[in-house]
Amino acid sequence: MSVKYTPVQWNPNKYVYDLVTLAGIVLYIVLFLKFAPMEIERSQQVNYPILRMRAFGTCAFLLLSIILCIGPLARLDKRFLPLLYNRRHLGVLTFAVALTHASYVIDWYYVFSPTDRYVALITSNVDYGQFLGFPFEAFGIFSLFVLLVLAVTSHDFWLKFFTPPFWKALHMMIYVGYASLVAHVLFGYMQGATDPIFPVLVLFFSATVLLLHIAAGKRETTADRSTTAMIEGDWVNVARLEDLEDEHGHVVPLPGGERIAIFRYDGKLSATSNACAHQNGPLGEGRIIDGCITCPWHGFQYRPEDGCAPTPFTEKIATYRLLLKDGDILVDPKPNPPGTHVDPVLIGESV
Amino acid sequence: MAKTHDDFFVGYIRGVPRGSRALIILVILAFVGAMSGAGYFISATQPDPGPGRFFFQHKAFTGILETAPYPLVRVAPNETYPEGHTLLLAGQGKRGVQATAAALAGKVVDVGGVLLKRGTIDMLQVGRRVPLQASVDGLSDDAREAIDLSVTDLGTWRLTGEICDGKCYVGAMRPGTGIAHKACANLCLNGGVPAVFVSTAPVEGTEFFLLSDQNGNPIDKELQRFVAARVQVDGQIERRGDLMVFKVDLNSVEVL
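The listed protein sequences correspond, in order, to chains A and B.
Just so you know, we're using our numbering here: the first sequence kicks off at 1 and counts up by one.
Just so you know, we're using our numbering here: the second sequence kicks off at 352 and counts up by one.
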């Protein structure tokens, strides 16, 4: 968290995260370009520029697939949450790798010609009416554009500028970008592929990304269904007091589908929106640290009684009115405007 | 007393919680190991791009120039080709030499450059040292007679294979075939580089054919949408000296 915008708010975890990512990328590229070709017998080696574009292209696909596995993995098992913490750096690096791939392609296949390279890029293969031989370049250009938009707007400055809901919706484009990338690979590399490994990895990773998202979604739906909310007048009975662990959050779905987070702390109960104002992280899976709700994704904090980030921070989330009745926790499903103070319910003062 | 929350990860406060540490270390090792393995083995299993390549030594030849369907030279016997040979001609980069060749059709020419070779196809990338020009010394009668200018009709054939640009296929790009190379091939063909057909099965001992339309002209732009795909196509095969020409019927092309 920071009140001023710095390029990167470094800490030891981010250093380790970025070093590991860079190590993986560098090893991939070096082994691909330097070591494997030297040891393989071929009548002629693949052109070095083509080898480079293949190295960076395949690397970008693998990295983006890994990025998309992190979210559902963290939803299925909280031990994976540290992988999510610095995921945007991984995303920016993936864009850099993809851009390198694109620049090598343009500077090899689209040069040495009387036609300008960028004009050639969009005019030399335009048979969109056919399946086999479909201009797969278009899918790659679109994916690169999506990665560009997401990388450029990944900083918290843009999150605040666009507002979290819009920013989150914008960054959901990553799924469209990934689908387009899979199409780019299927219609390009895979149509002429005779090598066994990368096509298998493409199928494996696309299936894994899909199945992990289905599994994570199913788990959340099951969790929502297992929490039976009962309407009592203007109030909704959402949980029993004994279900709430001290200094932990508890996610409950409201009848309209909205999720709220209830916190038990210092002998009190408070409720807020479950969505963090930073990146919509699930606050109900967070903790109370130093008296503040702490998001499990990036550690953004809010006071439980008013949903305001502690000064000098300015983020705010919606709060909800609570009632404790014979051990039942009831919530008024109408959210208060973000930052509205609501007196916490004192445990022991049950109605 | 406040809880320590040692099992809860907050990136800017503390490192990975003890309960997650083993898993995260495993993930890190798996990531680095998998990236290394994938990098090596994906590269190691790249298909052989074939034997075509440049021979970067300047060569000059004298022979008779033909311009249809694409510029080519019937080279008289010489040190490089003791029995003479047909050389396809291309310019620098993705360019043909049609502009220069047009005025020299049927004449004896000198031409120099670097050779590209693959199988029975040889191409000369015309350079500046000996540009395509009317021959300075001409050809002796013996040399002229040694050039095989015969034309033999081998009948109508249905061939399966790939339409490529002749320059990339013979080694300017490795590989110079396949869908990933299609845009590059189209740029070459648009620039005037000769089109070739690479058959999956040989006809009279060769899998490589210079392509033309049914009238012996350069292939139409319409045919470019079939470039790089595996296609089946009907046409007439003609042997011109040691060169095979496949005169294709555009309407017969079928993507397989």
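Beta carbons are placed, not taken as given, at the ideal position from N, Cα and C, and that holds for glycine.
- Nearest in C-alpha terms to residue 493(B), of all of 557(B), 434(B) and 604(B), is 434(B).
- Here residue 566(B) carries a coil assignment [DSSP, helix/strand/coil].
- With respect to the C-alpha of residue 269(A), the residue from 284(A), 29(A), 166(A) and 276(A) having the closest C-alpha is 284(A).
- At a C-beta separation below 8 Å, residue 28(A) has these neighbours in chain B: 386, 387, 389 and 390.
- Closest by C-alpha distance to residue 432(B), out of 501(B), 540(B), 472(B) and 400(B), is 472(B).
- Taking 8 Å as the cut-off, the Cβ atoms of residue 378(B) and residue 51(A) do not count as close.
- Out of 124(A), 146(A) and 147(A), the CA that lies nearest to the CA of residue 136(A) is found in 124(A).
- Rounded to whole angstroms, the separation of the alpha carbons of residue 513(B) and residue 546(B) is 10 Å.
- Shown here, residue 595(B) sits in a strand according to DSSP, grouped into three states.
- Contact annotation for residue 102(A) against chain B: no contact, minimum CB-CB distance about 13 Å [criterion: below 9 Å].
- Taking a contact to require three or more Cβ pairs closer than 8 Å, the segment 574-584 of chain B and the segment 524-543 of chain B qualify as touching.
- Ranked by how close their Cα comes to the Cα of residue 293(A), the residues 333(A), 251(A) and 325(A) have 251(A) in first place.
- By the 16-neighbour rule on beta-carbons within 10 angstroms, residue 421(B) is buried.
- One thing to note: residue 483(B) has its Cβ within 8 Å of the Cβ of residue 460(B).
- In summary, the residues of the segment 438-452 of chain B whose CB is separated from some CB of chain A by less than 9 Å are 443, 444, 445 and 446, in the order they occur in the chain.
- Neighbourhood of residue 535(B) in chain A, by CB distance below 7 Å: 109, in chain order.
- Counting other Cβ atoms within 10 Å of its Cβ, residue 595(B) reaches 16 or more and is therefore classed as buried.
- Interface with chain B (8 Å Cβ-Cβ cutoff): residue 189(A) is included.
- By the CB criterion at 8 Å, residue 527(B) and residue 403(B) fall inside the cutoff.
- For residue 322(A), no alpha helix (DSSP H) segment is defined; the enclosing uninterrupted segment is the beta strand (DSSP E) at 322-325.
- Using a Cβ-Cβ distance cut-off of 8 Å, the segment 235-242 of chain A and the segment 98-118 of chain A are not in contact, since fewer than three pairs of beta carbons, one from each stretch, lie closer than that value.
- If you draw a straight line from the Cα of residue 178(A) to the Cα of residue 146(A), it is about 9 Å long.
- Sixteen is the threshold: when 16 or more other Cβ atoms of the shown chains lie within 10 Å of the Cβ of residue 174(A), as they do, the residue is buried.
- At least one beta carbon of chain A lies nearer than 8 Å to the beta carbon of residue 382(B).
- The CB of residue 75(A) never comes closer than 7 Å to any CB in chain B; the least such distance is about 15 Å.
- For residue 194(A), the C-beta contacts it makes with chain B under 7 Å involve 398, in order along the chain.
- From the listed residues 563(B), 362(B), 380(B) and 548(B), the smallest Cα separation to residue 419(B) is found for 563(B).
- When CB distances to chain A are screened at a threshold of 8 Å, the residues of the segment 504-527 of chain B falling below it are 522, 524, 525 and 526, in chain order.
- The C-beta of residue 360(B) comes closer than 8 Å to at least one C-beta of chain A.
- Counting C-beta pairs with one atom in each stretch, the segment 295-309 of chain A and the segment 359-370 of chain B have three or more that are closer than 8 Å, which means they touch.
- Boundaries of the alpha helix (DSSP H) harbouring residue 197(A): 197-226, taken from the DSSP string.
- For residue 359(B), no beta strand (DSSP E) segment is defined, and its DSSP state is neither H nor E.
- Not one beta carbon of chain A lies nearer than 8 Å to the beta carbon of residue 569(B).
- Here the alpha carbons of residue 454(B) and residue 606(B) stand approximately 38 Å from one another.
- Looking at the backbone, the Cα of residue 192(A) and that of residue 249(A) are separated by about 52 Å.
- Residue 390(B) has its alpha-carbon roughly 45 Å from the corresponding atom of residue 309(A).
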